[in-house]
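Here's the structure, in structure tokens; my notes come after.
Written as structure tokens, this is what we have:
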């Protein structure tokens, strides 16, 4: 197990440098900068700001400045002297809270309900689950965010559930409402796919020969399902749940814009419009590292659940 963990950890090093290379190429291809769209600014002031922000330097030099500031934990500042660090910290914090809560709720809901539906195929409960899956699989993400936002707005009687000012106010109820709308939207959007995957995996497992053998030996149904069935079905389920967490990041962009939730997706949308490329690189870097760590921990869970994984590698 230790050798497997060491190999898997060392494999992250070339991937990390590959990420930096791709980010550098992407940064070099970006047009303009945060001052190129400024209208009415004094040319001397603009030239001075460009020198202060290193915007007159080649792209590779600018990327080096960004990398140095990121390693130092500074993350740079915009043309008006506003530090990027508080904005980045707030976006990452809000996204981590919503992703973690939505992922745990989706995991807790999907596995037991999917198992019950798989054990009672074509029963009443299974039909209800399939209707739920069909409905929420067809609803676009932005529409789900809009409907849930309206429901939360009506239920909590908050007039500005979609604005940044509503979220940034110190009223706990408003802040809780914004978290509630975002987490509920993420759960409903991702839970339908997770339920379908768990149900299909369990149905496939319970028809295997070793499950029939365990039943023929007189083992209780709970022992057969949880000790023999669920353990073998966990590997594809964990793969799907890991992918679900990654999909949350990409799908949350439209949901955060609709709900006015200041997370990574909404912050990315704002900085692209403003051409704040240093902050965009920092957000992209965090998302890529977060995705890389998810895949890393999924591989570790593989080795814990199924010892054949660590011996075959």
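Residue numbers (UniProt numbering): 1 to 313. The beta-carbon is built from N, C-alpha and C at its ideal position, and this holds for glycine as well.
- Just confirm the distance between the C-beta atoms of residue 91 and residue 267, as a whole number of angstroms; I'd bet it's less than 8 Å. Here the question's residue 91 lines up with position 91 in the chain shown. Here the question's residue 267 lines up with position 267 in the chain shown. Their Cβ separation, rounded to whole angstroms, is 4 Å, which keeps residue 91 and residue 267 in contact under 8 Å.
- Out of 291, 46, 277, 282, state which residue places its alpha-carbon closest to the alpha-carbon of residue 244. Position 244 of the chain shown, counting from 1, holds the residue named residue 244. The residue with the shortest Cα to Cα distance from residue 244 is 291.
- Query: At a cut of 8 Å, does the region 195 to 212 reach the region 231 to 247 through at least three beta carbon pairs?
  - Reply: With three or more CB-CB distances shorter than 8 Å, the region 195 to 212 counts as touching the region 231 to 247.
- Task: Quick one: give me the first and last residue of the alpha helix (DSSP H) that residue 62 is part of.
- Result: In the chain shown, residue 62 corresponds to position 62, counting from 1. Secondary structure note for residue 62: its alpha helix (DSSP H) is the uninterrupted segment 59 to 71.
- N- and C-terminal bounds of the alpha helix (DSSP H) containing residue 51: For the purposes of this step, residue 51 is taken as the residue at position 51 of the chain shown. 43 to 52 is the extent of the alpha helix (DSSP H) around residue 51.
- Task: Could you check what DSSP says for residue 33 in three-state terms: helix, strand or coil?
- Result: Your numbering for residue 33 matches position 33 in the chain shown. In the structure shown, residue 33 sits in coil (DSSP, three-state: anything other than H, G, I, E or B).
- Message: By alpha-carbon positions, which one of 210, 228, 207, 190 ends up nearest to residue 103?
- Response: What you label residue 103 is simply residue 103 of the chain shown in a count that begins at 1. Closest in C-alpha terms to residue 103, from the list 210, 228, 207, 190, comes 190.
- Tell me where the alpha helix (DSSP H) around residue 259 begins and ends. Within the chain shown, residue 259 is the residue found at index 259, counting from 1. In this chain, the alpha helix (DSSP H) harbouring residue 259 covers 231 to 259.
- Identify every run of the beta strand (DSSP E) within the region 102 to 157, keeping only runs that are complete inside it and at least 3 residues long; order them along the chain. List check, beta strand (DSSP E) in window: nothing returned.
- Task: Quick one: give me the first and last residue of the alpha helix (DSSP H) that residue 266 is part of.
- Result: Reading the chain shown from its first residue, position 266 is the one you call residue 266. Unbroken alpha helix (DSSP H) run through residue 266: 264 to 274.
- Pair within 7 Å by beta-carbon distance, residue 314 and residue 118: In the structure as shown, the chain begins at 1 and stops at 313. Residue 314 is therefore absent and cannot be evaluated.
- Take residue 62 and list the residues in its own chain whose beta-carbon comes closer than 6 Å to its own, dropping the five residues that flank it on each side. Locating residue 62 in the chain shown gives position 62, counting from the first residue. 54.
- Closer than 7 Å, CB to CB, is residue 31 near chain C or not? Chain labels in this structure do not include chain C; a single protein chain is all it has.
- Message: Taking the straight line between their C-alpha atoms, what separation do you get for residue 299 and residue 85?
- Response: In the chain shown, counting from the first residue as 1, residue 299 sits at position 299. In the chain shown, counting from the first residue as 1, residue 85 sits at position 85. Here the alpha carbons of residue 85 and residue 299 stand approximately 32 Å from one another.
- Taking just the CA atoms, how far does residue 152 sit from residue 177? As a working note, residue 177 is residue 177 in the chain shown. As a working note, residue 152 is residue 152 in the chain shown. Note on geometry: alpha-carbon atoms of residue 177 and residue 152 lie some 7 Å from one another.
- Query: Should residue 252 and residue 192 be called a contact, given that it needs their Cβ atoms to be closer than 7 Å?
  - Reply: The residue labelled residue 252 in the question sits at position 252 within the chain shown. The residue labelled residue 192 in the question sits at position 192 within the chain shown. By the CB criterion at 7 Å, residue 252 and residue 192 fall outside the cutoff.
- Query: By Cβ distance below 6 Å, which residues in the same chain neighbour residue 95 in space, the five residues on each side in sequence not counted?
  - Reply: To locate residue 95, count along the chain shown from 1; it is residue 95. 263, 264, listed in sequence order.
- Query: Nearest to residue 187 by alpha carbon, out of 181, 106, 220?
  - Reply: Counting from 1 along the chain shown, the entry for residue 187 is found at position 187. Of 181, 106, 220, the residue nearest in Cα terms is 106.
- Does the beta-carbon distance from residue 129 to residue 184 come in below 7 Å? For this step, residue 129 is matched to residue 129 along the chain shown. For this step, residue 184 is matched to residue 184 along the chain shown. Against a cut-off of 7 Å, the Cβ pair of residue 184 and residue 129 comes out as no contact.
- Query: I think residue 271 touches residue 280, with their Cβ atoms under 8 Å apart; what is that distance to the nearest whole Å?
  - Reply: Translated into the one-based positions of the chain shown, residue 271 becomes position 271. Translated into the one-based positions of the chain shown, residue 280 becomes position 280. Between residue 271 and residue 280 a beta carbon distance of about 5 Å is seen, short of the 8 Å cut, so the two are scored as contacting.
- Task: Please report the Cβ distance between residue 293 and residue 238, rounded to the nearest whole angstrom; I am assuming they are in contact, meaning their Cβ atoms lie under 8 Å.
- Result: Position 293 of the chain shown, counting from 1, holds the residue named residue 293. Position 238 of the chain shown, counting from 1, holds the residue named residue 238. Not confirmed; about 15 Å, so no contact.
- Query: Taking the continuous alpha helix (DSSP H) assigned at residue 8, which residues delimit it?
  - Reply: Taking the chain shown and counting its residues from 1, the one referred to as residue 8 is at position 8. Per DSSP, residue 8 belongs to the alpha helix (DSSP H) from 2 to 10.
- Once you ignore the five residues that flank residue 125 on each side, which residues in its own chain have a CB closer than 8 Å to its CB? As a working mapping, residue 125 is identified with position 125 in the chain shown. Excluding sequence neighbours, residue 125 sits near 116, 117.
- Query: Count the other CB atoms within 10 Å of the CB of residue 71; is the residue buried (16 or more) or exposed (fewer)?
  - Reply: Within the chain shown, numbered from 1, the residue matching residue 71 stands at position 71. With fewer than 16 other Cβ atoms within 10 Å, it is exposed.
- Message: For a test of the three-state rule: what should DSSP assign to residue 220, helix, strand or coil?
- Response: Taking the chain shown and counting its residues from 1, one reaches residue 220 at position 220. Coil, per DSSP.
- Query: Run through DSSP, which three-state label would residue 292 get?
  - Reply: Taking the first residue of the chain shown as position 1, residue 292 is located at position 292. DSSP, reduced to helix, strand and coil, places residue 292 within a helical segment of the structure shown.
- With DSSP as the reference, label residue 56 as helix, strand or coil. As a working mapping, residue 56 is identified with position 56 in the chain shown. In this structure, residue 56 counts as coil in the three-state DSSP scheme.
- Determine the closest residue to residue 241 out of 284, 295, 133, with distance taken between C-alpha atoms. In the chain shown, counting from the first residue as 1, residue 241 sits at position 241. The shortest C-alpha separation from residue 241 is found at 295.
- Query: Secondary structure at residue 208, three-state DSSP: helix, strand or coil?
  - Reply: Along the chain shown, one-based indexing puts residue 208 at 208. Coil.
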